[in-house]
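Numbering (UniProt numbering), first residue to last: 1 to 259. Every residue, glycine too, gets a C-beta built ideally from N, C-alpha and C. None of the values given here were measured: they were computed from a predicted structure.
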């Protein structure tokens with residue numbers, strides 16, 4: 001992205017003029033305790049923002065944009081069943097492409113009168129049953145394609161069609177899933193709301209921690225000195241042996257003859 005190109009150029013040259021990078025951008029954008037400078041990649045921030053849009057639609061946030069999406073785009077279809085169309089905008093196509101990443105972070109709590117789609121919503125172990133079991137299970141179960149989770153609940157207990165072999169593992173696993181009074185969706189853990197920071201954490205590239213982070217970044221550290229020390233830990237200074245390797249000088253020996 002053009003914005004990141006400008007950021008990279010400014011980091012190494014202090015202007016928009018392109019210079020040779022001395023540390024990889026992926027490492028620069030890692031958190032400080034993982035050896036980076038704590039910057040965030042624009043593409044990751046953009047993904048996190050679009051994941052927020054998915055969250056707003058799923059939780060039926062009271063906003064003009066959500067209402068518009070439901071009336072003009074979804075038109076009665078659920079977000080999980082919507083197929084990308086040629087007429088969709090780039091933003092909307094990107095939103096649909098992020099559904100699996102969003103689903104992996106959701107925690108569903110189903111209620112007695114649950115309106116969650118039995119087959120298409122990722123209410124069970126973050127994956128739609130139709131993706132896990134295939135479309136044939138719908139016909140074998142005798143339930144409709146539009147069935148909700150409430151249709152397999154009776155008197156506050158699970159009531160699955162026991163004659164369907166494909167559902168056997170689901171039936172056993174559901175025995176440990178409590179049934180509440182109302183549907184709810186949480187992020188990462190029960191009762192936790194969505195946040196851009198946690199969404200960014202779920203999609204960013206992670207690195208192992210570095211033991212020298214607190215040596216470089218501590219309260220009262222002078223930024224210029226901390227950056228130079230960070231540079232040193234990454235062995236990024238243009239020493240003579242490196243300059244020789246890239247062909248800028250012929251000899252890596254010290255100019256004063258000290259080796």
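How is residue 96 classed by DSSP in three states: helix, strand or coil? Looking at residue 96 - three-state DSSP - the assignment turns out to be helix.
For residue 52 and residue 194, believed in contact at Cβ under 8 Å, the rounded distance: Between the beta-carbon of residue 194 and that of residue 52 there is about 7 Å, and that keeps the pair under the 8 Å contact cut.
Out of curiosity, what's the CA-to-CA distance linking residue 79 and residue 207? Going by the C-alpha atoms only, they are around 33 Å apart.
Could you check what DSSP says for residue 119 in three-state terms: helix, strand or coil? It is coil, neither helix nor strand.
Over what stretch of residues does the alpha helix (DSSP H) that includes residue 328 continue unbroken? No information on residue 328 is available, as it lies outside the stretch 1 to 259 that the chain covers here.
Alpha carbon to alpha carbon, what distance is there between residue 97 and residue 230? Distance between the alpha carbons of residue 230 and residue 97: 37 Å.
Residue from 168, 180, 165 and 143 with nearest C-alpha to residue 155: Answer by Cα proximity: 180.
Sort 54, 81, 145 and 101 by Cα distance to residue 340 and report the nearest one. No statement about residue 340 is possible, as the shown extent of the chain runs from 1 to 259 and does not include it.
Residue closest to residue 142, alpha-carbon to alpha-carbon, out of 46, 114 and 119: Ranking the options by Cα distance to residue 142, first place goes to 119.
CA-to-CA distance, residue 138 to residue 265, given in whole angstroms: Any question about residue 265 goes unanswered here, given that the chain covers just 1 to 259.
Residue from 177, 226 and 64 with nearest C-alpha to residue 212: Nearest C-alpha to residue 212: 226.
C-alpha distance - residue 260 paired with residue 224, whole-angstrom precision: No answer is possible for residue 260: the residues shown for the chain start at 1 and end at 259.
Is it true that the region 150-169 meets the region 189-204, where meeting means three or more beta-carbon pairs spaced less than 8 Å apart? Per the Cβ contact rule, the region 150-169 is not in contact with the region 189-204 (fewer than 3 Cβ pairs under 8 Å).
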